[in-house]
């Protein structure tokens, strides 16, 4: 079909609406978020901003519905009937704590909780652990790519999946939460880290997925390092 008016000159941008919308929205929502405890903002307020002048309500609906990581949510305000939008988690926007479900018991967790990363980052993570990197939480996926309906928490470009030892982390008092779109979140320890002692194994996902473990921790008391089972090198 034809492109919306005002878009024909920018057809290359139209090909990546999720990227454009996500980038603009994460910057535009921040001033509005304190006005709403649940994080929702009237979509009309957003569409009146200059950077969204070429966007319609239907454009936004399509982007939200097709965003594979479900970064945004839409709802109708129960009183005004206005369509509202919020960021579910991530980016530079803080998620209201009331929108996070605490995960306190082992039965609250999926069978696999993993963090995806690139091969070049794995040596440092293996030694020092996962870091919040200036964010509020470390983002974890409720499974591995290709496992059922795992949509959020791990980038498609991830080359290594780090599987967490949830029982050990819970025993040490590490907090975990689930966001509205199913991502598992953790602030880590007091230093904002999930130490290597909480890794049960690591799997290579790319350039081709291997079922064998590429790394195992040294022992129950080890907080660093590990035993390499199947050597890997960036391909």
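Numbering (full-length UniProt numbering), first residue to last: 1 to 235. Just so you know, even glycine gets a beta-carbon here, dropped at the ideal spot from N, CA and C. In this text the structure is predicted, and so the values were computed from the model without any measurement.
Considering only residues of the same chain and omitting the five flanking positions on each side of residue i, which have a CB-CB separation below 6 Å?
i: residue 203; result: 161
i: residue 159; result: 118, 119, 205, 206
i: residue 157; result: none
i: residue 122; result: 160
For residue i, which of helix, strand or coil comes out of DSSP?
i: residue 42; result: strand
i: residue 193; result: strand
i: residue 87; result: strand
i: residue 134; result: coil
i: residue 76; result: strand
i: residue 201; result: strand
i: residue 139; result: strand
i: residue 118; result: coil
i: residue 177; result: strand
i: residue 183; result: coil
i: residue 160; result: strand
i: residue 101; result: strand
i: residue 70; result: coil
If I measure Cβ to Cβ from residue i and keep anything under 7 Å in the same chain, skipping five residues before and after, which residues do I get?
i: residue 166; result: 106, 109, 113
i: residue 101; result: 177, 178
i: residue 75; result: 40, 84
i: residue 44; result: 82
If contacts are defined as beta-carbon pairs under 8 Å, then residue i and residue j qualify, I think. What distance do you get, rounded to the angstrom?
i: residue 86; j: residue 41; result: 7 Å
i: residue 118; j: residue 184; result: That belief does not hold up - the Cβ atoms of residue 118 and residue 184 are roughly 20 Å apart, past 8 Å.
i: residue 175; j: residue 187; result: 6 Å
i: residue 193; j: residue 131; result: 6 Å
By Cβ distance, which residues of its chain are closer than 8 Å to residue i, with the 5 residues on each side in sequence left out?
i: residue 111; result: 143
i: residue 155; result: 116
i: residue 163; result: 112, 113, 114, 199, 200, 201, 202, 203
Please name the residue in the options whose C-alpha comes closest to that of residue i.
i: residue 181; options: 65, 43, 133; result: 65
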